[in-house]
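The structure appears right after this line, and notes come after that.
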Amino acid sequence: MNASARKGCQVGTVASVVVSNSARNYDKQYDYIVPEALKEEIKPGIRVIVPFGKGNRLLEAYVFKVSDIQDCKALKEICQIIDASPVLSVNMLKLAAWMKYRYICTYSDAIKAMLPPGIGVKSLCMVRLEKTGEVRAVLKNILESLKTLNGECTFDELKALVNSRSLKKYLQELKDLGLVSTYETYSSKVGEKTMRVAYLAMSRDEVLEEIESSRIKKIQQIRILEMLIDNEYISVADIIRFSGVSRGVVETLKKHGYIDYKDIAIKRDPLKDKPVLPTSPMKPTSQQAAVIKHISCEIDKGAFSEVLLHGVTGSGKTEVYLQLIRHCLDMNRTAIALVPEISLTPQMVERFKGRFGNAVAVLHSRLSLGERYDQWRLIRDGKIKVVVGARSAVFAPLDNIGIIVIDEEHENTYKSETTPKYNAKEVARERCRDSGAILLYASATPSVESFYNSSPAEHGIQKGIRLLEMRDRANSMVMPEVELVDMRRELEEGNRTLFSRRLTEEITKNLDSKQQTILFLNKRGHSSFVLCRSCGYTVMCVNCNVSMTYHLHDDRLICHYCGYTVKNPVKCPRCQSNYIKHFGTGTQKVEEEIKKAFSNCSVLRMDMDTTTYKNSHEDILKAFREQNTGIMIGTQMIAKGHDFPNVTLVGVLAADSLLNTGDYRSSERTFQLITQVAGRAGRGLLPGRVIIQTYNTEDFSILSACSHDYHSFYKQEISVREKLNYPPFTNIATIILSGINDRMVFNAAKETKNALEAMPGAKDVMELLGPSRAPLQRIKTKYRWRILIKCGNIDRLINILSQLSDNFYKKKGNNTVGFGIDINPLNML
Ligand code: ADP
Ligand code: ZN
Ligand code: ZN
């Protein structure tokens, strides 16, 4: 029987499948007949090959559902199966369907995010000799062959020696006798000193652009580039193995300048091989005990619920997670702890490994593809019960989850900026709901959204998220002293350097007494703002109450929300001084200045420029700790997680650059960052000091961060949000249209807006802004126009947007214009 339609079938088994890499128009479940011979093997979550479309192109597809139906005459048949066991559980299939709905992506976008990269190819089947025994001749022959291959080899190697068509059957017999075992692997060889890796030779956006504009057409090339978009470096050997392409394809990409190679030294994974001493639970403080008790009870109930743990820095949140996870394991359930990538430090990992040993897997971006695949398989097969990792660890294929912890829940790294544009917090929530688990958000500086949705229980009734607090530090260290320095005064009194006199004094003191100092600077993004150094004035948008962003290109200031623009002022509108200009100092400049101001002092710098090589992030931190370097200068990267007992002084060089990011969340981020960096000071025996330099000493987020007062920060911030209708009082979505022909993109944007306005009832629930040029007006050769939508009802918003998206793709002629939706995006660029 062939793969195309078969006639006359009455009752039959049918599989509903989703083809992978489908465009939105074909992104639905299609029914195929399950051939008699595959009936046993085809179940949900298995990948199969199906004939698709008029030309019966053979495509990879995922089985979602298997059912018996009465009449399957017109259906085609599944050709073959790819996997021996499902790569997705039924729960994960459900999750994929939810993601398709929630993030307006395709099934295969969702599934791609769930599976380890490189699962597309066959693994090596390994055979291992366990022991010898008395068996009949043909089996004995196999055992002897295995012996000559040192007791372990691939299936193919064995086959070359044994040369029997029934080898599989014989191996099964030997397995049943316990004489041999088999396993699958992808692991790369160990013992090599250097490895040739490939990386993108252009920016991620540029590469995406090349793919979207169809300048790169070959699917094999795209596959490789996509792997490199997700992974900073991949060894060339891994690329070939995982993408299933030949070396020639990789070479071609290099020749065309898309990628480049370099040889890097293979270092031991600092998070992996270090022997970790087992630790036992600490005796909880009374505040910890109360939290542990409450949440353990919730876990025992086996029903979904959400808790926000607001615990000051050093209140011992990690110990709380560890004990709760232990409780889950005791109940035979599993757990995930999500942390921002940046806080996956060796110390953090040690704490988990020390407590759970081999039951824990740590997933981070420095794992090779092979290592990641191996971890994924161990988790799927139930050999690992606890997973710690960054954003994508939320997809760990665990069953029977008891708790998901989201550490530093306010961090924006939980939101993905590439398709599917998911938020790991929302995905975690969906998974917890599905398995009756506890979702624990934790932070010293909870996001305004989470705090708004939480409340302490009243009269035993809980609405939304249950709020629990730990107000004191676990080891009774005092909170550091925070001092504010007015940089306007410095200028007035003739100090034009980057360092205030107070900060200079304190740095000198620290250098003299061999204590360490951290200087913190906000990462300079794509844009900068205009500040009057004389009076602290910054230009704000009259509509949106966010700072306006300086665009060098046309020397104007632009609001990233509504598109309102003004000319770049030459004189300060408030005080008439000439000291008004766009503001920003890079870490490199600071380093130079430091060396000038404090000769002979040792300085380390950590930012994107100094941390491009594998592991060098840890190297810098390690050097700082071990060599007792005088000063470290850094960006957001140094703000959290790290524990440096000898750091007694933290300086924030320009709090203004945190405040004026042109984003409605800038006050929130300022409060969070200052609190986090301040938390780096005084973690050892010596008390810490923090000095914050700013041109704006009145700002409430800076002031409340100085007094470690989250509640007063929150009270002011939430009222601003309410007044201006920002989240959590609404949702913000952006639609970005992009393409090479500016006019066409603009027209498409206009049409899109009209279509939005024409939707029944849409106007009543939504507020529309634009189309206006996106803040990043042009990326590579593509013009970008943006529509911004505010809508209080998330389900309405999703429905409207997915209808819009369907219509957009159905319309002919729209294939030259890119269409991207982001709901509650990280930034507005
Ligand atoms: P957080 O994550 O809330 O900032 P940590 O979990 O890093 O805090 O804990 C801060 C410090 O307090 C750590 O050095 C930790 O070992 C210590 N600690 C935590 N719980 C206890 C406890 N119950 N008894 C003694 N020390 C504790
Ligand atoms: Zn001024
Ligand atoms: Zn505006």
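Heads up, the sequence shown is in the working numbering, so the first residue is 87 and it goes up one at a time.
For each residue, glycine too, the CB sits at the ideal point set by N, CA and C.
Being a predicted model, the structure only gives us computed values, none of them experimental.
Shell residues, 5 Å Cβ cut-off relative to heavy atoms of ligand 3:
C627, N629, C630, C645, Y647, C648, Y650
Tell me the residue span of the alpha helix (DSSP H) that contains S888.
S888: member of the alpha helix (DSSP H) spanning 880-896, first to last residue.
May I ask you to report which of helix, strand or coil DSSP gives D572?
strand
By DSSP, does G456 sit in helix, in strand, or in coil?
helix
Contact test: S401 Cβ vs ligand 1 heavy atom, cutoff 7 Å
yes
Closer than 7 Å: I604 CB and nearest ligand 4 heavy atom
Although ligand 4 was asked about, the structure shown includes only ligand 1, ligand 2 and ligand 3 as ligands.
Can you list, in chain order, the residues of its chain with a C-beta nearer than 7 Å to that of E298? Leave out the 5 residues immediately preceding and following it.
G904
Any idea which residues DSSP pairs V474 with across the strands?
A423, V448
Check whether the stretch 371-390 and the stretch 435-444 are in contact - that is, three or more C-beta pairs closer than 8 Å.
no
Taking R309 as the reference, give the member of F438, I345, I706 with the closest Cα.
Ranking F438, I345, I706 by Cα distance to R309 puts I345 first.
Can you name, in chain order, every residue of its own chain whose Cβ lies under 8 Å from the Cβ of Y187, other than the five neighbours on each side?
Excluding residues up to 5 positions away in sequence, I884, S888 lie with their Cβ nearer than 8 Å to the Cβ of Y187 in the same chain.
Same chain, Cβ closer than 7 Å to T624, neighbours up to 5 away in sequence not counted
Closer than 7 Å at the Cβ level, and outside the excluded window around T624, lie F615, V616, L617, S633, N746.
Sorted by chain position, which residues of the same chain lie with C-beta nearer than 8 Å to N833's C-beta, five sequence neighbours on each side aside?
none
For R477 and T499, what's the separation of their Cα atoms in angstroms?
7 Å
Using the Cα positions of I326 and D157, report the straight-line distance between them to the nearest angstrom.
44 Å
T838 - DSSP class collapsed to helix/strand/coil:
helix
Could you check the C-alpha separation between H396 and G765 for me, to the nearest Å?
15 Å
Distance check for D169 and G550, CA to CA, integer angstroms please.
Each residue's Cα considered, the two are about 41 Å apart.
G765 - containing alpha helix (DSSP H), residue span
Unbroken run through G765: none, as it is neither H nor E.
Between which two residues does the alpha helix (DSSP H) harbouring C518 extend?
510-521
Entirely within the stretch 741-797 and at least 3 residues each: give me those beta strand (DSSP E) ranges in chain order.
775-780
In angstroms with no decimal places, state the Cα-to-Cα distance between H703 and T673.
16 Å
Taking only beta-carbon atoms, is V134 less than 8 Å away from chain C?
Considering every chain present, this structure includes no chain C. It has just one protein chain.
Measure the alpha-carbon distance for H450 versus G475 and round it to whole angstroms.
H450 and G475 have their C-alpha atoms roughly 6 Å apart.
Distance, Cα to Cα, V152 vs S171?
15 Å
CA-CA distance, D749 and L855?
Straight-line Cα distance between these residues: approximately 16 Å.
Could you check how far apart the C-beta atoms of I719 and V689 are, in whole angstroms? I think they sit under 8 Å.
7 Å
Give the secondary structure of C383 by DSSP, where H, G and I count as helix, E and B as strand, and everything else as coil.
helix
Using only the alpha-carbon positions, how far apart do K233 and C211 sit?
17 Å
Taking 7 Å as the cut-off, is the C-beta of Y636 nearer than that to any heavy atom in ligand 2?
No, the Cβ of Y636 stays beyond 7 Å of every heavy atom of ligand 2.
Taking 7 Å as the cut-off, does the CB of S633 come closer than this to any heavy atom belonging to ligand 2?
Flag unset: Cβ of S633 not near ligand 2.
Report the residue from A482, Q307, V331 whose alpha carbon sits nearest the alpha carbon of H342.
When each option's Cα is compared against that of H342, the closest is Q307.
Verify the contact flag: R660, CB atom, against every heavy atom of ligand 2, threshold strictly below 7 Å.
yes
Tell me, please, whether the stretch 870-884 touches the stretch 809-818 by the rule of three or more beta-carbon pairs shorter than 8 Å.
yes
Is the Cβ-Cβ distance between Y319 and V293 less than 8 Å?
Cβ distance not < 8 Å, so Y319 and V293 don't count as in contact.
Can you tell me whether Y269 is buried or exposed, with buried defined as 16 or more other CB within 10 angstroms of its CB?
exposed
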